[in-house]
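Engineer:
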Amino acid sequence: MSKTENDKPTLAFVDHSFHKKSHSGDFLRELFSEHFQITDFWDDSWDGGKQIKAMELNKYDYIFYFQLINSINELKKIKSKIIWAPMYDGVNLNDALYWKLLATFPVKIICFSEKIYNHCIKYSIEAIKIQYYFEPKINTNIPTKRGNHFFFWYRGGITFEEIKKIIKPEDVDGFIYKSTPDPFKNKEVISKEDIKKYKIEMIESDFIPKNKYLELLSKSNIYIAPRKKEGIGMSFLEAMSMGLVIIGNDEATLNEYVKNNYNGCLFNKNSGFINLKNIEEIRNNSIISAKNGYEKWIEEEKFLTNFIFSNYTIKNKKWTLKNYFDYISYSARIIKYKIIKIIISLYKKI
14 MSKTENDKPT LAFVDHSFHK KSHSGDFLRE LFSEHFQITD FWDDSWDGGK
64 QIKAMELNKY DYIFYFQLIN SINELKKIKS KIIWAPMYDG VNLNDALYWK
114 LLATFPVKII CFSEKIYNHC IKYSIEAIKI QYYFEPKINT NIPTKRGNHF
164 FFWYRGGITF EEIKKIIKPE DVDGFIYKST PDPFKNKEVI SKEDIKKYKI
214 EMIESDFIPK NKYLELLSKS NIYIAPRKKE GIGMSFLEAM SMGLVIIGND
264 EATLNEYVKN NYNGCLFNKN SGFINLKNIE EIRNNSIISA KNGYEKWIEE
314 EKFLTNFIFS NYTIKNKKWT LKNYFDYISY SARIIKYKII KIIISLYKKI
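Residue numbering for the sequence shown follows the working numbering, beginning at 14 and increasing consecutively.
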């Protein structure tokens with residue numbers, strides 16, 4: 014395999030194409046660029062496109078998959094060293110067949126969720142558990158006026174009807190509602206009555222410049238996380254770095270960063286209204302958590318680099334009979350899924 018002029022190993026960075034817009038993987042590009050010559054590949058299979066073929070990826074010393082990874086059939090053709098960072102909100106931990114087959118490859122997994130890490134250990138897959146934090150940029154003027162000023166980015170996960178079950182109108186002094194659903198998600202309609210009761214400032218735009226987005230965040234002191242599950246949780250982590258109190262669904266990865274009523278507030282379908290009386294104390298704890306977390310992340314960067322460059326366990330290239338039976342079962346299920354998908358697509362055109 015070819016080496017770069019400065020003798021850095023080459024790395025194919027295979028990223029979810031939606032991240033072109035969200036820039037979720039940029040922090041890893043920045044980190045990896047210190048050690049690798051990076052070439053970006055954008056996987057748009059989630060949007061009806063095709064995955065990147067093994068033949069193209071085998072030109073590189075390392076392949077890093079961020080969120081999406083090739084099928085088992087394509088992974089069998091990979092000659093390069095494989096690294097994968099699956100996202101908790103997009104990975105199926107219940108697919109035992111898949112994980113058994115994945116465990117036969119010399120793959121290393123970067124886990125941003127403890128649940129994924131424990132799953133890797135269960136299947137004897139080499140893994141490292143890390144938590145990412147933004148560098149704290151605490152604005153001491155937050156909030157600019159007293160009271161509870163909320164920011165909520167509707168992405169199609171948490172709905173406003175769910176928010177009404179945890180936040181009382183009388184506890185709201187201001188509410189910025191950014192309506193920008195994720196792909197394949199629909200916008201929701203909020204009644205004029207609720208807009209008035211919750212003092213909502215509606216922001217409807219497919220794209221807001223970064224500086225404008227941060228300006229909106231800086232007007233708030235409470236951030237309601239938009240999803241029921243998070244991959245890393247870049248949006249709430251950025252808000253946390255700015256000193257906002259995080260309110261979110263009691264699921265990974267958010268509940269791996271937030272301890273209820275200590276440095277944020279967690280809710281579930283049975284939790285009822287959130288008590289916001291101690292919000293300033295919670296905010297102070299959140300600021301400390303963000304600072305300590307960032308310092309830990311700087312240290313973990315070194316461990317992550319060492320993990321990637323350490324020896325890759327060479328698995329037995331010759332599959333057992335059981336491996337082949339598992340592979341046949343898995344392949345049959347994938348074919349069935351594709352056929353159903355085609356039938357649904359044809360039905361919609363009728």
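Cβ atoms here follow ideal geometry from the backbone N, Cα and C, with glycine treated the same way.
Predicted model only: the values in this text are computed from it and were never measured.
1) So what does DSSP say about Asn-262, is it helix, strand or coil?
2) Note down, in chain order, each residue of its chain lying with its Cβ closer than 7 Å to the Cβ of Ile-138, except the 5 sequence neighbours on either side.
3) Note down, one range per segment and in chain order, each alpha helix (DSSP H) of at least 4 residues found wholly within the stretch 219-260.
4) Which residue from Ile-180, Ile-85, Ala-140 and Ile-208 puts its Cα closest to that of Leu-421?
5) Work out the CA separation of Phe-322 and Ser-15 for me, nearest whole Å.
6) Could you tell me the alpha carbon to alpha carbon distance between Phe-197 and Trp-166, rounded to whole angstroms?
7) In the DSSP assignment, the beta strand (DSSP E) including His-433 goes from what residue to what residue?
8) Give the DSSP-derived three-state secondary structure of Asn-199 in the structure shown.
9) What number of angstroms, rounded off, separates the C-alpha of Asn-274 from the C-alpha of Leu-289?
10) Should Glu-243 go down as buried or exposed, given a rule of 16 or more other Cβ atoms within 10 Å for buried?
11) Could you give the DSSP three-state label for Met-215: helix, strand or coil?
12) Give me whichever residues DSSP pairs with Leu-279 in a beta bridge.
13) Using a 10 Å radius around the Cβ and a threshold of 16 neighbouring Cβ atoms, would you call Phe-286 buried or exposed?
14) Along the chain, where does the beta strand (DSSP E) that runs through Phe-40 open and close?
15) Which ranges would you report for the alpha helix (DSSP H) in the stretch 60-93 if only whole runs of at least 4 residues count?
16) Apart from the five residues on each side of it in sequence, which residues of its chain come closer than 6 Å, Cβ to Cβ, to Phe-147?
17) Between Asn-234 and the rest of its own chain, which residues show a CB-CB distance below 8 Å, the 5 nearest in sequence each way excluded?
18) Hey, quick one: how far does the beta strand (DSSP E) through Lys-365 stretch, first residue to last?
19) Which word fits Tyr-83, buried or exposed, when buried means at least 16 other C-beta atoms lie within 10 angstroms of its C-beta?
Structural biologist: Once the coordinates are examined:
1) Taking the sequence shown and counting its residues from 1, the one referred to as residue 262 is at position 249. Asn-262: strand per DSSP, three-state reduction.
2) The residue labelled residue 138 in the question sits at position 125 within the sequence shown. Same-chain partners within the cutoff: Leu-115, Ala-116, Val-120 and Ile-122.
3) 223-231 and 247-254
4) Nothing can be reported for residue 421: it is not among the residues displayed for the chain, which extend from 14 to 363.
5) Here the question's residue 15 lines up with position 2 in the sequence shown. Here the question's residue 322 lines up with position 309 in the sequence shown. At Ser-15, the pLDDT of 47 sits below 50, so the modelled position is not reliable; the number obtained from the coordinates is stated separately. Going by the C-alpha atoms only, they are around 17 Å apart.
6) Within the sequence shown, the letter at position 184 stands for residue 197. Within the sequence shown, the letter at position 153 stands for residue 166. About 16 Å.
7) Past the boundaries of the shown model lies residue 433; the chain is included only from 14 to 363, so the question cannot be answered.
8) Counted from its first residue, the sequence shown places residue 199 at position 186. If DSSP states are grouped into helix, strand and coil, Asn-199 belongs with coil.
9) Counted from its first residue, the sequence shown places residue 274 at position 261. Counted from its first residue, the sequence shown places residue 289 at position 276. The alpha-carbon atoms of Asn-274 and Leu-289 are separated by roughly 9 Å.
10) Numbered from 1 along the sequence shown, position 230 holds the residue referred to as residue 243. So Glu-243 counts as buried.
11) The residue given as residue 215 occupies position 202 in the sequence shown. DSSP places Met-215 in strand when its eight states are reduced to three.
12) Along the sequence shown, one-based indexing puts residue 279 at 266. Per DSSP, Gly-261.
13) To locate residue 286, count along the sequence shown from 1; it is residue 273. With fewer than 16 other Cβ atoms within 10 Å, it is exposed.
14) Working through the sequence shown from its first residue, we reach residue 40 at position 27. Taken as a continuous stretch (DSSP letters only), Phe-40 belongs to no beta strand (DSSP E), being part of the alpha helix (DSSP H) at 39-45.
15) 67-70 and 85-88
16) As a position in the sequence shown, residue 147 is number 134, starting the count at 1. Around Phe-147: Leu-250, Glu-251 and Ser-254.
17) Residue numbering aside, residue 234 sits at position 221 when the sequence shown is read from its first letter. Same-chain partners within the cutoff: Ile-155, Pro-156, Asn-161, His-162, Gly-256, Leu-257, Val-258, Ile-292 and Arg-296.
18) Since the first residue shown for the chain is 14 and the last is 363, residue 365 is missing from the structure and cannot be characterised.
19) The count along the sequence shown starts at 1 and reaches residue 83 at position 70. Tyr is not the amino acid found at residue 83; the sequence shown has Asn there. Buried.
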